[in-house]
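Here the protein sequences line up with chains D and A, keeping their order. Read in this note's numbering, the first sequence has 153 at position 153, and its numbers run on one by one without any break. Read in this note's numbering, the second sequence has 1011 at position 11, and its numbers run on one by one without any break. Yeah, the Cβ is synthetic: ideal placement off N, Cα and C, and Gly gets one too. First up is the structure itself, then whatever we jot down about it.
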Amino acid sequence: MVFADLSFRVPAGGALLLTGSNGSGKTSLLRILATLIMPVGGRLLWGARPVAAEGAAYRAQLDFVGHQDGVKPSLTPRETLKFWTALRATEKTRAPRLVEAALTAFALDQVADWPCRWLSAGQRRRLALARLVAAPASIWLLDEPTSALDQQNQSRLERLIAEHRAAGGRVVVASHTPIDIGSAAILTLDSFSPSPDDAAFG
Amino acid sequence: MTAFLGLFRRDLSLALRHGGDTGLVIGFFVLAVILFPFGVGPEPELLQRIGAGVVWVAALLAALLSLDRLFEADYRDGELDLLALSNLPLELAVLAKCAAHWVGTGLPLALTSPFLALLVDLDPSAIGTLFASLLIGTPSLSLIGSVGAALSLGARRQGVVLSLLVLPLYIPPLIFGAGAVEASEAGNGARAYLLILGAVSLAALAFCPWASAAALRQALE
Chain D
1 MVFADLSFRV PAGGALLLTG SNGSGKTSLL RILATLIMPV GGRLLWGARP VAAEGAAYRA
61 QLDFVGHQDG VKPSLTPRET LKFWTALRAT EKTRAPRLVE AALTAFALDQ VADWPCRWLS
121 AGQRRRLALA RLVAAPASIW LLDEPTSALD QQNQSRLERL IAEHRAAGGR VVVASHTPID
181 IGSAAILTLD SFSPSPDDAA FG
Chain A
1001 MTAFLGLFRR DLSLALRHGG DTGLVIGFFV LAVILFPFGV GPEPELLQRI GAGVVWVAAL
1061 LAALLSLDRL FEADYRDGEL DLLALSNLPL ELAVLAKCAA HWVGTGLPLA LTSPFLALLV
1121 DLDPSAIGTL FASLLIGTPS LSLIGSVGAA LSLGARRQGV VLSLLVLPLY IPPLIFGAGA
1181 VEASEAGNGA RAYLLILGAV SLAALAFCPW ASAAALRQAL E
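As structure tokens, this is what we get:
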């Protein structure tokens, strides 16, 4: 077990910044929020209802950008984004516009038709983040979103997060580097490491 | 439906683009069959007798060869998370991937088989049956294989674990596939064999996506 006894809520337009040392459970908490793993104990609510009961309806509200980029070397950024919009079952008429908007949002137009194996680590990261624009959702779960990003692109991301929150979206960011996401609640996971009693079965 | 087709199309273009996954499978299939005359001697009667079995076993092994990549790349680069969170239920995602895998391997295997039938001197009347049996039987290879591929995700020496899991389950399609060809060589109708082979594929279609999806969920934890 990596953490215990923590509690938080993210209101509409709100943001939560998860900090903590390596191994303190930032990624695990994000994956719990994404319903990819089950917590040993505790409740996860969406509004007043448990997330487990909402299932697909809750997952449709999520955009999860993990610490891996999920980019296939032989596809181009445009094909990758097109596939991601398809996974969200975006209508055919809207999809091309969203893909173009996503490419522009992270200045990937230049490399849009290159195979992704030619992209740098930072460009791949931008492509992974461009999914936030291509497949819009109201809850953003971002795991170390700024890794490999330069200052200019970090500002792009910060601006995007600000716009998303202004439109009523929720953001949860795990990061150990400074990132400006506006007024955010901060949860430092180190303070929730389980007590030795709990750790006995962890 | 958009998501299903999107995943199917992407997997297919990955298979065709990735330095020819399909080419590799066909190359292995042809070579494996060609090796037999060197091993057992070139007598036409002998080859004719074992031909159907040889082609079918080579097809199984060739299909197996491409299975480890079914979920592996998505698992390693995190895209499996996206599939799990997409609008597509994981069971249908498995089905889309199996369909793409079949078009990329099973279908080309069936299309190559008449040529190999000539190499092993199969009776001309049985060539059509060989083609039909592979066409009907190979979907079950992709579907059964997906369960093994999902269960062995993240294992060290995944390819070996996968073979041990999947090969025993390939026995039913092998028996009825090779049996169909032998029956039509002997002049008996192959219809019953082909129908049972179809039933094996349909049973795999009904059962395997669920089993694979469950194994994938386990792998994501």
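Query	Result
In chain A, which residues lie less than 8 Å from residue 36(D) when you measure between Cβ atoms?	1081, 1084, 1085, 1220 and 1221
Rounded to whole angstroms, how far is the Cβ of residue 1148(A) from the Cβ of residue 1165(A), which I believe are closer than 8 Å?	4 Å
What are the start and end residues of the beta strand (DSSP E) that includes residue 1136(A)?	It is not in any beta strand (DSSP E) - residue 1136(A) instead sits in the alpha helix (DSSP H) that spans 1124-1151.
Would you mind giving the Cβ-Cβ distance between residue 105(D) and residue 133(D), rounded to the nearest angstrom? I have them listed as a contact below 8 Å.	5 Å
Taking 8 Å as the CB-CB limit, is residue 1088(A) close to chain D?	yes
With 8 Å set as the bound, which would you pick, yes or no: does the beta-carbon of residue 273(D) sit closer than that to a beta-carbon of chain A?	The displayed coordinates of chain D run from 1 to 202. Any statement about residue 273(D) would go beyond what the structure contains.
Please report the distance separating the alpha-carbon of residue 200(D) from that of residue 1210(A).	Interpretation of residue 200(D) is limited by its pLDDT of 47, a score under 50 that renders its predicted location unreliable; no figure is taken from the coordinates.
Residue range of the beta strand (DSSP E) that residue 1215(A) falls in?	Run containing residue 1215(A): none in the beta strand (DSSP E); it sits in the alpha helix (DSSP H), 1191-1220.
Would the beta-carbon of residue 139(D) fall within 8 Å of that of residue 61(D)?	yes
Would you kindly work out how many angstroms separate the C-alpha atoms of residue 120(D) and residue 1120(A), rounded to a whole number?	50 Å
By the criterion of Cβ-Cβ separation under 9 Å, what are the contact partners of residue 169(D) in chain A?	Those within 9 Å of residue 169(D) in chain A number zero; the least Cβ separation is about 16 Å.
Figure out for me which residue from 1192(A), 1046(A) and 1042(A) has the closest Cα to the Cα of residue 1129(A).	1192(A)
From residue 1068(A) to residue 1006(A), what distance separates their C-alpha atoms?	22 Å
Could you have a look at residue 1166(A) and say whether DSSP puts it in helix, strand or coil?	helix
Thinking residue 1029(A) and residue 1059(A) are a contact (beta carbons under 8 Å), I'd like their distance in whole angstroms, please.	6 Å
Since residue 101(D) and residue 77(D) should fall inside the 8 Å C-beta cutoff, what is the C-beta to C-beta distance between them, to a whole number of angstroms?	That belief does not hold up - the Cβ atoms of residue 101(D) and residue 77(D) are roughly 13 Å apart, past 8 Å.
Along the chain, where does the beta strand (DSSP E) that runs through residue 17(D) open and close?	15-19
In terms of residues, what are the limits of the alpha helix (DSSP H) holding residue 1120(A)?	Neither: residue 1120(A) is in no alpha helix (DSSP H) and is coded neither H nor E.
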